[in-house]
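In the working numbering, the protein residues as written are 475 to 680.
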């Protein structure tokens, strides 16, 4: 839990798609509480699809389970999957309330996909700080906020990230572990949250 190094750690930055990890953490907390099931099927319509939905757009006819939606949201950054999941936790306000419940008084989600990626300079909406996001990830992945099973599931979704190749993954030395989630906006903003470490061990949160 100790901080090794920090740069602008208490400044607000747009989360963009990195929020999807926290979102699926909130979903898993509901699973642990008996209020949700990863196997529950959610059906949706064409009008529910937003820009960049590479997985969910293929399942209009049959729908997707909650677990499949989480996998799509994290591993492929599927925006419609994120919105469908966000609806199950009470929308942006519900996710922000979950963050407050686990002790994160900084991170906030205000909008849905894809508006939350606007990333206007000086706009506090849909933002976090590096310090707050790192602390929240630590709580979700290593504390008792989630069951051991849910922690493993959330971590595995991050390990399976398929759209983060050009960033940290492309420059890690051989034998390093990484589980991550990236974010981007059309204004050029980029973000990433990750667990990584040598000897294939998840030792550090960045």
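No residue lacks a Cβ here, since even glycine has one placed at the ideal position from N, Cα and C.
Buried versus exposed call for residue 598 [16 or more other C-beta atoms within 10 Å across all chains shown]: exposed
Exposure of residue 479, with buried meaning 16 or more beta-carbon neighbours within 10 Å: exposed
7 Å Cβ cutoff met for residue 635 and residue 488: no
Candidates 486, 670, 657: closest to residue 494 by CA position: 657
Runs of alpha helix (DSSP H) wholly within the region 510-588 (minimum 4 residues, chain order): 540-549, 553-562, 565-575
Extent of the continuous alpha helix (DSSP H) to which residue 504 belongs: 493-506
Inter-stretch contact at 8 Å, needing at least 3 Cβ pairs: the region 565-575 / the region 529-546: no
Coarse secondary structure for residue 655, derived from DSSP in three states: strand
Terminal residues of the beta strand (DSSP E) in which residue 667 lies: 664-671
Nearest candidate by alpha-carbon position, reference residue 506, set 666, 655, 621, 673: 621
Assigned exposure category for residue 566 - 16 Cβ within 10 Å defines buried: buried
Given residue 526 as reference, the closest of 500, 618, 569, 591 once Cα atoms are compared: 591
Cα-Cα separation, residue 516 to residue 670: 33 Å
Cβ pair residue 555, residue 546 closer than 7 Å: yes
Alpha-carbon spacing of residue 629 relative to residue 549, whole angstroms: 11 Å
Boundaries of the alpha helix (DSSP H) in which residue 631 is found, first to last residue: 622-633
With 16 other Cβ atoms within 10 Å as the buried cut-off, status of residue 625: buried
Nearest-angstrom Cβ-Cβ length linking residue 580 and residue 606, presumed shorter than 8 Å: 4 Å
Best match in 678, 583, 638 for proximity to residue 486 [C-alpha to C-alpha]: 583
Beta carbon of residue 510 nearer than 7 Å to that of residue 504: yes
For residue 551 and residue 491, believed in contact at Cβ under 8 Å, the rounded distance: 5 Å
Separation of residue 667 from residue 610, as counted between CA atoms: 11 Å
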